[in-house]
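The block underneath contains the structure these notes are about, expressed in structure tokens.
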Amino acid sequence: MISSRPVFFHYLALAGYFGLFALMMLWPTVLAASTRFPVALILVVTVTPLLPPLRGLLAFNPRSHAWAGFLSLPYFVHGTVEAYANAGARHLAAAEMLFSLLLFFGSALAIRFNRKAQ
17 MISSRPVFFH YLALAGYFGL FALMMLWPTV LAASTRFPVA LILVVTVTPL
67 LPPLRGLLAF NPRSHAWAGF LSLPYFVHGT VEAYANAGAR HLAAAEMLFS
117 LLLFFGSALA IRFNRKAQ
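Going by the numbering used here, the letters in the sequence shown line up with residues 17 to 134, in that order.
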């Protein structure tokens, strides 16, 4: 049985993951549709990398948590650049940065405290 601390950070990572997933689905379709690129292409590029660690994240697999943490970093960089370059989408970029940081720190701390509990 795992203690409550890793479980809290596991749920924090899941909140960041599903928030990032929902934002990446809604941003190019509903919130700010692109006129330069096809929406399907944007969705494939932004959402597909989030799918492989999903099963392991739900099962509290430490390796999947590590990969999800690594995976969140390009989303943080994208959010930072988008916030700097596009004043109209700053609120969406801030949400992307927030969710990616939740995923990163939630995953890292869930792994750390899970290893201490064992």
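The beta-carbon is built from N, C-alpha and C at its ideal position, and this holds for glycine as well.
Closest to residue i by CA distance: which of the options is it?
{"i": "L66", "options": "F76, A75, W83 and P78", "result": "W83"}
{"i": "T62", "options": "S50, M41, S20 and L70", "result": "M41"}
{"i": "H81", "options": "L39, A99 and F25", "result": "F25"}
{"i": "A38", "options": "T51, T64, P22 and S50", "result": "T64"}
{"i": "V97", "options": "G85, R52 and M113", "result": "M113"}
{"i": "P44", "options": "G32, R131, G35 and I58", "result": "I58"}
{"i": "Y33", "options": "V60, L118, A126 and V93", "result": "L118"}
{"i": "P78", "options": "T51, A124 and R21", "result": "A124"}
{"i": "A126", "options": "R106, F76, F92 and H107", "result": "F76"}
Contact check, residue i vs residue j under 8 Å by CB: the rounded distance?
{"i": "G122", "j": "L28", "result": "3 Å"}
{"i": "A109", "j": "A99", "result": "4 Å"}
For residue i, count neighbouring Cβ atoms within 10 angstroms of its own Cβ and tell me buried if that reaches 16, exposed if not.
{"i": "N102", "result": "exposed"}
{"i": "L74", "result": "exposed"}
{"i": "M17", "result": "Here M17 scores only 46 on pLDDT, less than 50, and its place in the model should not be relied on; the value that follows carries that caveat. By the 10 Å Cβ count, M17 comes out exposed."}
{"i": "S88", "result": "buried"}
{"i": "F115", "result": "buried"}
{"i": "L47", "result": "exposed"}
{"i": "L30", "result": "buried"}
{"i": "P90", "result": "exposed"}
My parser needs the beta strand (DSSP E) runs of 3 or more residues fully inside the stretch 19 to 99; what are they? If we require 3 residues or more, the stretch 19 to 99 turns out to have no beta strand (DSSP E) run fully inside it.
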